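When you line the first sequence up against the working numbering, it's residues 268 to 734, in that order.
Yeah, the Cβ is synthetic: ideal placement off N, Cα and C, and Gly gets one too.
Bear in mind the structure is a predicted one, so any value in this text is a computation, not a measurement.
A short worksheet on the structure shown next.
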Amino acid sequence: MIVTRFAPSPTGYLHIGGLRTALYSYLWAKKNEGKFLLRIEDTDLKRNSLEAAKAIEEAFKWVGLKQDGEIFYQSKRMDIYKEHIQKLLDEGKAYYCYMSKDELDALREEQMKAKQRPRYDGRYRDFTGTPPSDIEPVVRIKTPINETITFSDGIKGEISVKTDEVMDDFIIARSDGTPTYNFVVTIDDHYMGITDIIRGDDHLSNTPKQIIVYKAFGWDLPKFYHVPMILNPQGKKLSKRDGAMDVMEYKKEGYLPEVLLNFLVRLGWSHGDQEIFTMEEMLEFFDPKDINKSASAYNAQKLLWLNAEFIKNMSYERFEKELIYFDLDLKSIEKKEILIDALRQRVKTLKEFSQKAKTILERPTSYETKAVKKFLKADAKKIAKEFLNYLINYDSNLNTPSDYDKLIVSFLEQYQLKLKDIAQIIRIAIVGSAVSPSIYDIMSIVGKDELEIRIKNLIQFMEEKNE
RNA sequence: GGCCCCUUCGUCUAGCGGUUAGGACACCGGCCUCUCACGCCGGUAACACGAGUUCGAGUCUCGUAGGGGUCACCA
268 MIVTRFAPSP
278 TGYLHIGGLR
288 TALYSYLWAK
298 KNEGKFLLRI
308 EDTDLKRNSL
318 EAAKAIEEAF
328 KWVGLKQDGE
338 IFYQSKRMDI
348 YKEHIQKLLD
358 EGKAYYCYMS
368 KDELDALREE
378 QMKAKQRPRY
388 DGRYRDFTGT
398 PPSDIEPVVR
408 IKTPINETIT
418 FSDGIKGEIS
428 VKTDEVMDDF
438 IIARSDGTPT
448 YNFVVTIDDH
458 YMGITDIIRG
468 DDHLSNTPKQ
478 IIVYKAFGWD
488 LPKFYHVPMI
498 LNPQGKKLSK
508 RDGAMDVMEY
518 KKEGYLPEVL
528 LNFLVRLGWS
538 HGDQEIFTME
548 EMLEFFDPKD
558 INKSASAYNA
568 QKLLWLNAEF
578 IKNMSYERFE
588 KELIYFDLDL
598 KSIEKKEILI
608 DALRQRVKTL
618 KEFSQKAKTI
628 LERPTSYETK
638 AVKKFLKADA
648 KKIAKEFLNY
658 LINYDSNLNT
668 PSDYDKLIVS
678 FLEQYQLKLK
688 DIAQIIRIAI
698 VGSAVSPSIY
708 DIMSIVGKDE
718 LEIRIKNLIQ
728 FMEEKNE
């Protein structure tokens, strides 16, 4: 069985890079009927916060990725780590190092000056004398000398490094006794039964260290997949400057969670020419072997396009449900289906939908200057009055857009006008600007009574303007 | 700097020794049209560079250049 995990450290929100590796892990596990686990890496008490952990969980909930079983918290597993540190100590695979921080810093500085790679010199590796009494020691693991660590990465291929070149006897327990990252990760991954580790390739250089821990305990290695990072649109490393990195920010901007996932899954992975995937299709087609080796810059416009595509095909019920978050309650709106169909072709986000819907649903409080200048010419007032009059006396039924179409046709016929002569006047009367969906749709949505009021208001506005 | 990784249109990518190098976003035309969109049709645009291997290289090998990651008592 395949077991994967996502293991964020709770230092802030869940960002899109993290979501992508989480998604990959999720897909790979689920497609193989395996398990996807979530582990919060909160060993560094100073930098972690409970809110951050909650924020991550909230984001997971929004996108709909559900972990199997309970969430693991490293802070609750300290006993396990300590036990294993002791075990290595007892077996002589790790040792106490009494070098003080100052001494270490001094050594590092010296090495840098000599243009050498800073590295612990192993002075306590085989120490047998009496240790200094005023130093709280750290625990270091014995990394094999002059050995080549080779592993096969599912994305990058075979990777091998020489221990002497990249590693020293790294610390597995700080002087206060708390365990360090590369150690706890290994312990947890082993006991959680993780078979496939999919993570960002910034962890590539940690992998040999973790392999040393696996070997010290004699454990089998999992499969590793190191996925390249996501770059900003300029092709540089993603930073807070680049705007929305927090997954929840996408909710606020009106993106659908399945769109974000779809967008992310295609960033660095592909299945032929397919752009749009349902969750079922992702599960069917995803395979980490198809993940690209190089980093990819994200393209905000493509995300927008994708969101628009999904919105075009969304159900009425879903609109009603999602738009509540954007302060738009469609329940009481009689012509909501016409509203939705009129707007879904014109918006790219739910937020935009809400804004545009409100310009129709709410009476304009002002009229856009440019539109007024361009379309409300000398005879506009006259035409508007004629239309208002015609509307008031119109005795056929007015309900659907096509009813309004008939109204307009007969009106134009009677006054010998063209559609162009009246369309923008009606539009400005209803929404206050020269841009909106079809006038037949918006007339139907606001209804006859409201239409009369809005036309009257516009006429009044034109009269005041002329004075 | 050491070590490791990467390199096809502006961007995401297809390609897996023989292709007019394909698709998508964006961009530019055109059609549709009551505005704005949608939609439809068409177009511009790429194998980082240099050597090999081969009858033949975007595809294999080696260099070069460029980009990135990492070198903590952070994760």
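Residue range of the beta strand (DSSP E) that includes E425: Membership of E425 in the beta strand (DSSP E) is indicated by the continuous run 424–429.
Residue ranges of each alpha helix (DSSP H) within the region 388–420, 4 or longer: Qualifying alpha helix (DSSP H) stretches: none in this window.
Environment of P398 [buried if 16+ CB atoms lie within 10 Å]: The residue is exposed, with fewer than 16 neighbouring Cβ atoms inside 10 Å.
Check whether L534 and R287 have beta carbons under 8 Å apart: Yes, Cβ-Cβ distance for L534 and R287 is below 8 Å.
Whole-angstrom distance between I338 and I438, CA atom to CA atom: Approximately 27 Å between the Cα atoms of the pair.
Exposure label - L528; buried when at least 16 CB within 10 Å: With a 10 Å radius around the Cβ and a threshold of 16 neighbouring Cβ atoms, L528 comes out buried.
Segment contact flag, the region 598–610 with the region 633–645, C-beta cutoff 8 Å, min 3 pairs: No contact exists between the region 598–610 and the region 633–645.
For L305, the three-state DSSP class (helix, strand or coil): In this structure, L305 counts as strand in the three-state DSSP scheme.
Span separating the alpha-carbon of A696 from that of R613: Between A696 and R613, the C-alpha separation is close to 20 Å.
Buried or exposed by the 16-neighbour rule on C-beta atoms within 10 Å, applied to G521: Buried, because 16 or more other Cβ atoms sit within 10 Å of the Cβ of G521.
Distance CB(I479)-CB(L488) smaller than 8 Å: Not in contact: I479 and L488 (Cβ atoms no closer than 8 Å).
Assigned exposure category for L317 - 16 Cβ within 10 Å defines buried: Counting Cβ neighbours within 10 Å, L317 comes out exposed, since fewer than 16 surround it.
Cβ shell of Q378 (< 8 Å), same chain only, five flanking positions each side left out: Only R384, P385, R386 meet the Cβ criterion.
Test item: CB-CB of P500 and N566 under 8 Å: Yes, Cβ-Cβ distance for P500 and N566 is below 8 Å.
Neighbourhood of W486 by C-beta, 6 Å cutoff - its chain only, sequence neighbours within 5 removed: Excluding five sequence positions before and after W486, the CB atoms of its chain that fall closer than 6 Å to its own CB belong to H457, given in chain order.
For I338, the three-state DSSP class (helix, strand or coil): Reduced to three states, the DSSP call for I338 is coil.
Inter-residue CB distance, I543 and E576 (contact presumed, cutoff 8 Å): Their Cβ separation, rounded to whole angstroms, is 6 Å, which keeps I543 and E576 in contact under 8 Å.
Supposed close pair P446, Y348 - CB separation, criterion 8 Å: At roughly 4 Å, the Cβ-Cβ gap stays under 8 Å, so P446 and Y348 are in contact.
Residue of G539, L570, K382 minimising C-alpha distance to I558: For the options G539, L570, K382, the alpha carbon positioned closest to that of I558 is the one of G539.
Close beta carbons around L617, own chain, < 7 Å, minus the five adjacent residues each side: So the list reads G521, E589, L590, F593, once near-sequence residues are dropped.
Under 8 Å between C-beta atoms of K465 and W295: The displayed chain sequence assigns Ile, not Lys, to residue 465. Result yes, Cβ atoms of I465 and W295 sit closer than 8 Å.
Spatial distance of A212 from F273 (CA atoms): Nothing about residue 212 can be reported from this structure: the residues present for the chain run from 268 to 734 only.
Buried or exposed (CB count within 10 angstroms, at least 16 for buried), L686: So L686 ends up on the exposed side.
Every unbroken alpha helix (DSSP H) inside the region 527–583 [4 residues or more]: Scanning the region 527–583 for uninterrupted alpha helix (DSSP H) segments of 4 residues or longer gives 546–552, 567–579, listed from N- to C-terminal end.
For F273: DSSP bridge partner residues: Beta-bridge pairing links F273 to L305.
E403 burial status per 10 Å Cβ neighbour count (16 or more: buried): Within 10 angstroms of the beta-carbon of E403 lie fewer than 16 other beta-carbons, which makes it exposed.
Inter-stretch contact (C-beta, 8 Å, three-pair minimum) for the region 708–724 and the region 667–676: Contact between the region 708–724 and the region 667–676 is present: three or more C-beta pairs spanning the two stretches fall below 8 Å.
Beta-carbon proximity of K615 to L571, cut-off 8 Å: Cβ atoms of K615 and L571: closer than 8 Å.
L610, DSSP secondary structure in three states: It is helical.
Beta-carbon contacts of L718 that lie in its chain and below 6 Å, excluding the five residues immediately before and after: By the criterion of a C-beta distance shorter than 6 Å, L718 is surrounded in its chain by M710, once the five residues flanking it on both sides are discounted.
Same chain, Cβ closer than 7 Å to S367, five either side skipped, listed in chain order: The beta carbon of S367 lies closer than 7 Å to those of I402 in the same chain, with the five residues before and after it left out.
Helix, strand or coil at D702 [DSSP, three-state]: The residue you asked about is not Asp; residue 702 is Val in the sequence shown. DSSP places V702 outside both helix and strand once states are collapsed to three, so it counts as coil.
C-beta contact flag for I283 and M512 at 8 Å: Yes; because the gap between Cβ atoms is below 8 Å, this pair is in contact.
Contacts around L531, its chain only, beta-carbon distance under 7 Å, and the 5 residues preceding and following it disregarded: In its chain, beyond the 5 residues on either side, I283, L286, R287, L290 have a beta carbon closer than 7 Å to the beta carbon of L531.
Anticipated Cβ contact below 8 Å, A319 with G279, distance rounded: Beta-carbon to beta-carbon, A319 and G279 are separated by about 6 Å, close enough to satisfy the 8 Å threshold.
Inter-stretch contact at 8 Å, needing at least 3 Cβ pairs: the region 427–443 / the region 490–500: Taking a cut-off of 8 Å on C-beta distances, the region 427–443 does not touch the region 490–500, as fewer than three cross pairs fall below it.
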